[in-house]
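Trainee: Right, I'll just put the structure down here and ask away after.
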Amino acid sequence: MHWQGRFFKRVFLRLGALLCLGMLLVCAVTWQIMHRWLAGYTQDQIIKQAHLAKLTIDRQWPLDEPALQRECDHMHELTGLRLTVMAPDGRVLADSNANPSEMENHAKRPEMAAALAGRMGQDLRRSSSVGENFVYIAVPLIESGRLAAVVRVAAPAADIKRREEALIKWITIGLAIAIPLALLGAWVLSKALAQPVQRVSILARRLSTGDLQERVEVGGDDEIWQVAESLETMRENLLARVHEVQQQRKDLEVTVSHLEEGIITVDRAGLVLTANDAARRLLAVDSPLVGRLLTEQVTDEALQQMWNEAQAAGRNELHRELKRSKVRGAAQLSVTIIRVTEPSTPIAWLICIRDITALAQSAAMKTEFVANASHELRTPVASIRAAVETLNADGLDREMTQRFMSVIARNVERLQNLTEDLMDLNRVESESPDLSVRRFRPDEVFASVRSVFAEALRQKSVRLEIVNEVEALETDPRWLELVLKNLVDNAVKFVGIGGRIEIRCRHEGGMARLEVEDNGCGIPAGDLDRVFERFYQVDKSRRVGIGGTGLGLAIVKHAVHGMGGEVSIASEEGRFTRVSFTVPVAAVAV
């Protein structure tokens with residue numbers, strides 16, 4: 063029997079690989095430790111040089127720029143480090159490696175900005191004036207309690223790299239010596255293990271084929287024979303059992319893994335037996351549920367209360383809809399807890415969880431929409447009714463009649479605007495919108511918008527400026543015009559006499575970005591997050607004499623999303639309001 067068999071090769075290869083990996087790991091850890099130490103040591107040295115340079119200059123302060131330059135050059139010759147002195151306004155007064163007059167203002171450099179703030183600053187980057195990577199340390203020079211200058215010391219990153227390369231070289235040499243020695247040790251140990259174990263392997267192969275008559279002598283080591291026989295029997299039994307359990311688990315996982323509903327099974331002690339990914343997602347649980355107490359892993363108070371109630375009540379089934387305030391997971395759940403009465407299974411409880419957040423939000427949005435629409439309709443209808451009742455009375459003169467007729471006309475116009483906005487909102491919110499995408503020139507839409515608002519612009523002496531850099535768009539021009547009309551309409555309403563409205567269109571990352579900006583009264587910061595909500599209007603004290611349905615920006619948001627873009631708003635009270643959105647740009651000009 064030759065000892066150099068497959069077992070020997072496997073042991074040798076694995077042991078050798080393990081030893082080599084261990085040495086590689088040790089070298090890697092050593093490299094990390096030395097690398098950090100080297101970086102820290104180098105940085106400490108640069109910091110010390112920076113403080114030393116500051117003290118040297120501080121003793122001679124104040125110095126004119128030629129004297130500062132000579133001092134920088136002198137310290138550079140002594141230390142080999144680059145030295146820079148900067149004035150509090152960011153102007154470079156002296157530099158050992160570059161001409162200060164040709165260097166840009168350094169006030170915004172990270173290390174300089176920190177030093178200007180009164181603390182030590184540091185950074186690692188490429189120098190624009192020298193063209194090399196440097197480690198920068200900057201310290202403030204304080205005179206009479208005020209910042210007089212900033213002293214910066216910089217060391218070439220190449221110096222650190224050379225030290226690291228030398229360290230890598232010695233580590234590599236050590237590996238080149240240690241790995242052959244480790245392989246030699248693995249070879250000797252594998253040889254010692256291979257001979258008796260190979261005999262046991264022959265016995266195991268015969269036992270696996272059912273050949274129990276012929277025995278293989280192990281050489282007097284009875285324990286190895288007994289271990290071989292016991293392990294073989296145990297292996298077969300375990301493989302059979304493991305296969306059975308794995309098959310059962312696989313069947314269960316396949317069943318529940320494709321469900322959107324969360325499924326959790328719990329035993330009589332409250333331990334979780336199975337839980338699919340949907341359950342963890344809906345309950346916002348990061349750690350595994352299986353094998354742990356349900357009450358320890360699910361911290362939702364409402365669900366825990368429901369779980370305790372199901373156990374205490376002795377009911378076979380309990381169903382609840384739970385609202386949750388957590389940011390993660392579902393906001394509203396439909397939970398059903400079912401008691402399993404089958405005695406042959408360890409499962410005592412089955413918990414089914416459904417996410418009904420979307421359904422609840424949809425119902426709430428419908429209710430809110432109906433309430434808001436009813437409220438908006440009630441006011442003009444009541445005004446018209448009151449005016450009609452007054453007109454039916456006797457004794458009204460011509461002036462009063464004209465006054466109430468104006469009220470009727472104004473509120474009829476308001477109803478008409480509200481109806482049109484509701485129809486536009488329904489159109490852009492539809493699941494199957496009438497979006498007709500084609501290539502067109504944006505100037506056509508801009509011209510149409512200008513003509514629609516020409517009279518309103520003239521009455522308020524408002525300038526409408528259009529700056530277009532995009533030759534062609536690819537979307538529905540009707541939807542784009544709808545968006546621009548709503549935005550320009552808002553701008554005209556809120557801009558002052560002689561104000562300015564600007565429409566800009568430019569390329570941005572494969573899309574076209576359009577901006578509508580006015581110099582009107584602006585929007586309070588507290589209202590910016592809600593202006594795209596339906597029927598939401600800014601404080602009415604700001605809107606005296608300004609009509610509106612509160613649907614314009616909601617229409618804008620849904621129309622832009624329908625065209626495949628994004629919309630945002632920025633505003634500053636008393637200065638400007640700017641609505642920005644993106645739409646697809648045409649691949650070729652039309």
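Numbering (our numbering), first residue to last: 63 to 652. Ideal Cβ placement from N, Cα and C applies to all residues, glycine included.
1) Would you please state the rounded distance, in angstroms, between the beta carbons of T146 and E133? I believe it to be under 8 Å.
2) Contact check, D120 vs L178 under 8 Å by CB: the rounded distance?
3) Whether or not the region 182-199 and the region 91-100 are in contact is what I'm after, with contact meaning three or more pairs of Cβ atoms, one per stretch, closer than 8 Å; do they touch?
4) Look at A574 and T644 and say whether their C-beta atoms are less than 8 Å apart.
5) To which residues does DSSP link K385 through a beta bridge?
6) What does DSSP give as the partner residue(s) for I415 in the beta ladder?
7) Kindly indicate which residue of E226, G180 and R214 has the alpha-carbon position closest to the one of G207.
8) At what residues does the alpha helix (DSSP H) containing I631 begin and finish?
9) Please return the same chain residues whose Cβ sits closer than 6 Å to the Cβ of M143, not counting the five positions on each side in sequence.
10) Should V618 be labelled buried (16 or more other beta-carbon atoms within 10 Å of its own) or exposed?
11) List the whole-angstrom C-beta distance separating V499 from T537, where the pair is believed to meet the contact cut-off of C-beta under 8 Å.
12) List the residues that DSSP assigns as beta-bridge partners of H521.
13) Kindly provide the ranges of any alpha helix (DSSP H) runs that are 4 or more residues long and lie completely inside the region 322-380, ordered along the chain.
14) Looking at C-beta atoms only, is the number of pairs between the region 367-382 and the region 398-412 that lie closer than 8 Å three or more?
15) With G571 as the anchor, note down where its alpha helix (DSSP H) starts and where it stops.
16) Compare the C-alpha of T407 against each of R187, Q122 and D329 and name the closest.
17) Where do the N-terminal and C-terminal ends of the beta strand (DSSP E) with G183 fall, by residue?
18) Looking at the structure shown, is D106 part of a helix, part of a strand, or coil, going by DSSP?
19) Report the rounded CA-to-CA distance for L613 versus L544, giving the unit in angstroms.
20) I528: which of R568, W541 and N552 sits nearest, CA to CA?
21) So L351 and A341 are supposed to be a Cβ contact under 8 Å. How far apart are they, rounded?
22) Pick from R520, V532 and F515: whose alpha carbon is nearest that of D505?
23) When the Cα of K223 is compared with those of V197, L421, I109 and F70, which residue comes out closest?
24) Mind checking G624: buried by the 16 CB within 10 Å criterion, or exposed?
25) Using the rule of at least 16 other Cβ atoms within 10 Å of the residue's Cβ for burial, across every protein chain shown, is M137 buried or exposed?
26) Would you kindly work out how many angstroms separate the C-alpha atoms of D221 and M148, rounded to a whole number?
27) Go to S642, then tell me how far its beta strand (DSSP E) extends in each direction, as first and last residue.
28) Are there 16 or more other CB atoms within 10 angstroms of the CB of Q131, so buried, or fewer, so exposed?
29) Could you give the DSSP three-state label for E306: helix, strand or coil?
30) Please go through the same chain and pick out, in chain order, the residues whose beta-carbon is closer than 7 Å to the beta-carbon of S252, but skip the five residues on each side of it.
31) Restricting to Cα atoms, I'd like to know which of A587, S319 and L412 is closest to G332.
32) Can you list the beta strand (DSSP E) stretches of 3 or more residues lying completely in the region 175-246, in chain order?
33) Would L186 and A219 qualify as a contact pair, given that the criterion is a beta-carbon distance under 8 Å?
34) Inspect the beta-carbon positions of A175 and A169 and report whether they are closer than 8 Å.
35) Using the Cα positions of Q373 and I418, report the straight-line distance between them to the nearest angstrom.
36) Please name the residue or residues paired with F594 in a DSSP beta bridge.
Mentor: Well, looking at it:
1) With a Cβ gap of about 12 Å, T146 and E133 do not count as contacting.
2) No, D120 and L178 are not in contact; Cβ-Cβ is about 17 Å, not under 8 Å.
3) Put simply, the region 91-100 does not touch the region 182-199. Fewer than three CB pairs are less than 8 Å apart.
4) yes
5) Q394
6) G324 and V397
7) G180
8) First-last for I631: V629 to E634, but that is the beta strand (DSSP E), not the alpha helix (DSSP H).
9) Residue 143 is actually Leu in this sequence, not Met. Cβ neighbours of L143 beyond the five flanking positions: Q111, V215 and A217.
10) buried
11) 6 Å
12) Note that residue 521 corresponds to Gln in the displayed sequence, not to His. Paired residues: none, contrary to the question.
13) 339-345, 356-359 and 363-375
14) yes
15) No alpha helix (DSSP H) contains G571, which DSSP labels as neither H nor E.
16) D329
17) G183 to R188
18) D106 falls in the helix class under three-state DSSP.
19) 12 Å
20) Closest by alpha carbon: R568.
21) Contact between L351 and A341 holds, since their C-beta atoms are separated by about 7 Å, short of 8 Å.
22) V532
23) V197
24) buried
25) buried
26) Taking the straight line joining both Cα atoms gives about 25 Å.
27) Membership of S642 in the beta strand (DSSP E) is indicated by the continuous run F638 to P646.
28) buried
29) helix
30) Cβ neighbours of S252 beyond the five flanking positions: F70, V73, F74 and L77.
31) L412
32) 183-188, 195-205 and 208-218
33) yes
34) yes
35) 25 Å
36) The partner list for F594 (beta bridge, DSSP) is empty, contrary to what the question assumes.
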